[in-house]
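Novice:
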Amino acid sequence: MIALDPFYPVLPDAHWIERLVPLGIRLVQLRAKDMTVPELRSHIRCCRAVCAAHDCVLVINDHWRLAIEEGADFIHLGQEDLAEADLSAIRGAGLRLGLSTHDEAELATALEAKPDYVALGPIWPTVLKKMKWAPQTPAKLQAWRKAMGPLPLVAIGGITVERLPSVWEAGADSAAVVTDIVRHPDPEARTREWISATR
């Protein structure tokens, strides 16, 4: 069973990771959208180098084939990606696996895949992308905690430093953060706030 850092920023490209990881981030996800394969490969290589230099765990979102080819350590998949992924190839390459869930059926599917963590979201309304699911609320986190046993649980969606106590009380092990950092007027200062609040 792995231990996840409680602060789990999700960043859109290598430039963000180069900018913020040196501040003390220990776990980060590269969620790169709308890149060509060569661009994405370049960003993954850059992120791997930065994270290796700063003792930070790098998680690649979605692109499991590239993650294997580039020697990544961790992949995160949504449910659609999970359905199309080759789990034996992912495990054979030694990658750890995180999975997104939004309802009970997806949780059951995720647990069958024996992931290293499960994420639930959006806990609160999110402006990151249009979601077909209503906000899950911390109460749903509590239900997931009971259903999952000791498996690490990641909360995502609308989470801010100020909302952290509700996330921890509900049983989450880690809080994944996107807009509270990348849309903050001072991302460096906000990152330091997160680190201070979770260490």
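Numbering (the UniProt record's numbering), first residue to last: 1 to 199.
A virtual CB, placed ideally from N, CA and C, is assigned to each residue, including glycine.
#1: Could you name the residues of the same chain whose beta carbon sits closer than 7 Å to that of Val50, not counting the 5 residues immediately before and after it, in chain order?
#2: Which two residues bound the contiguous alpha helix (DSSP H) that contains His15?
#3: Whether or not the stretch 110-128 and the stretch 159-176 are in contact is what I'm after, with contact meaning three or more pairs of Cβ atoms, one per stretch, closer than 8 Å; do they touch?
#4: Compare the Cα-Cα distances from Leu176 to each of Thr160, Ala189 and His184 and report the closest residue.
#5: Pick helix, strand or coil for Pro115, following the three-state DSSP scheme.
#6: According to DSSP, is Leu27 part of a helix, a strand, or is it coil?
#7: Between the C-alpha atoms of Gly158 and Ala93, what's the straight-line distance to the nearest angstrom?
#8: Please state whether the Cβ-Cβ distance between Thr126 and Pro6 is less than 7 Å.
#9: Could you spell out the range, first to last residue, of the alpha helix (DSSP H) harbouring Thr198?
#10: Would you list the one or two residues that DSSP bridges to Thr101?
#11: With 16 other CB atoms within 10 Å as the buried threshold, where does His15 fall?
#12: So what does DSSP say about Pro125, is it helix, strand or coil?
#13: In this structure, what does DSSP give as the bridge partners for Ala176?
Specialist: Taking the structure as given:
#1: Ile17, Glu18 and Val21
#2: Ala14 to Leu20
#3: yes
#4: What sits at residue 176 in the sequence shown is Ala, not Leu. Ranking Thr160, Ala189 and His184 by Cα distance to Ala176 puts Thr160 first.
#5: coil
#6: strand
#7: 33 Å
#8: no
#9: Pro187 to Thr198
#10: Leu120
#11: exposed
#12: coil
#13: Tyr8 and Ile156
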